[in-house]
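Q: According to the UniProt record's numbering, the residues represented by the sequence shown are 1 to 72, in order.
Cβ coordinates follow ideal geometry from the N, Cα and C atoms, glycine included.
Note that the coordinates shown come from a computational prediction; the quantities given were computed from them, not determined experimentally.
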Amino acid sequence: MNYRSLHKSSNSERSKRVQSAPVVEEEPEIPDDEGLTPKQRIFVMEYLRDFNATRAAVSAGYSKKTAHTNNN
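1. Give the straight-line distance between the Cα atoms of Ser-63 and Asp-32, rounded to the nearest whole angstrom.
2. My output table needs one value for Phe-51: the three-state DSSP class, helix, strand or coil.
3. Please state the DSSP three-state secondary structure of Glu-27.
4. So what's Thr-66 in DSSP terms, helix, strand or just coil?
5. Can you tell me which of His-68, Pro-28, Ala-57 and Asn-52 puts its alpha carbon nearest to the alpha carbon of Arg-41?
6. On the three-state DSSP scale, how would you describe Pro-22?
7. Look at Thr-37 and Glu-29 and say whether their C-beta atoms are less than 8 Å apart.
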């Protein structure tokens, strides 16, 4: 056996492509009569419960990273 035949299987395994999940685009949220999107409306209702913006943002569906930002 030569060097090439010993390492052939590992090369073929590395060359296999991993299929990623298809990208699903979210439909844009349409503001209501008062100018709030459904996500914004949920944020407001959750914020009025305990005045915790981070918790309200997560409950409304924003990512934890986005929810933790400090917007002055």
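A: Straight from the coordinates:
1. Roughly 23 Å between the two C-alpha positions.
2. Under the three-state reduction of DSSP output, Phe-51 falls in the coil class, being neither helix nor strand.
3. Residue state for Glu-27 is assigned as coil, using DSSP reduced to three classes.
4. DSSP places Thr-66 in helix when its eight states are reduced to three.
5. Scanning His-68, Pro-28, Ala-57 and Asn-52 for the CA closest to the CA of Arg-41 turns up Ala-57.
6. Correct three-state label for Pro-22: coil.
7. When the beta-carbon positions are compared, Thr-37 and Glu-29 come within less than 8 Å of each other.
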